[in-house]
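Going by this note's numbering, the sequence shown opens with residue 1, and the numbers climb by one from there.
By construction, the Cβ of each residue, glycine as well, lies at the ideal position given by its N, Cα and C atoms.
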Amino acid sequence: MYSIYREQTLPINLQEAWDFFSSPSNLSKITPDNLGFKILGNAPEKMYPGLFIHYRVSPLLGIPMKWTTEITQVEYQKYFVDEQRVGPYAIWHHEHFFEETKDGVLMKDHIHYKLPLGLLGRLVHPLIVKPRLNEIFNFRFEVAEKLFSMNEK
């Protein structure tokens, strides 16, 4: 198992953070274009426990694949959890936490994941998967910073 932990403070209130990040349609706004990310079908405005979201992504070499996540837990304005049900990982468990602070909202992402293919998965992790995931989460950080720092002005 591998894990990623990221945190970011944004100069917005808890309601603004929750409204943006709990809306499945906003995921495309914080995902790099080169992933070819597209939600398949209609996603509701807000997520809820038991929601399945179907995507098409092209994470490597432009090869499209389907990815389905389930929103397994939601506590309003505190956290939500998505877990892969179909996709490129053997396990994908992503926890999103929101906490109001004097500077705005502290967001924390904690991802646990496991690659398929045993030894081959472990060999490609440091060469391909980990750098790609860092690129995606760095992009999200930068886009959120730009989107919400504009609210300050």
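Taking a contact to require three or more Cβ pairs closer than 8 Å, the region 97-113 and the region 11-20 qualify as touching. Taking the Cα positions, glycine 41 is about 11 Å away from arginine 56. Setting aside the 5 residues that flank it on each side, valine 86 is surrounded in the same chain by Lys66, Trp67 and Thr68, each with a C-beta closer than 7 Å to its C-beta; the list follows chain order. Taking 7 Å as the cut-off, the Cβ atoms of histidine 110 and tyrosine 2 do not count as close. Glutamate 142 and leucine 117 have their C-alpha atoms some 32 Å from each other.
Pairing proline 88 with isoleucine 53 gives a Cβ-Cβ distance that is not under 7 Å.
Taking 8 Å as the upper bound for CB-CB distance, isoleucine 136 and leucine 60 are not in contact here, some 12 Å apart. DSSP places lysine 102 outside both helix and strand once states are collapsed to three, so it counts as coil.
In the three-state DSSP reduction, phenylalanine 37 falls in the coil class, being neither helix nor strand.
In the DSSP assignment, isoleucine 136 falls outside any beta strand (DSSP E) and within the unbroken alpha helix (DSSP H) covering 130-149.
If you draw a 10 Å sphere on the C-beta of leucine 123, you find fewer than 16 other C-beta atoms in it, and that means exposed.
Residue pairing of glutamine 8 in beta bridges, as defined by DSSP: Met107. In this structure phenylalanine 80 touches serine 22 by the C-beta definition: roughly 6 Å separates them, less than 8 Å. If the five residues before and after phenylalanine 148 are omitted, its C-beta is found closer than 7 Å to the C-beta atoms of Leu10, Pro11 and Ile12, all from its own chain and listed in chain order.
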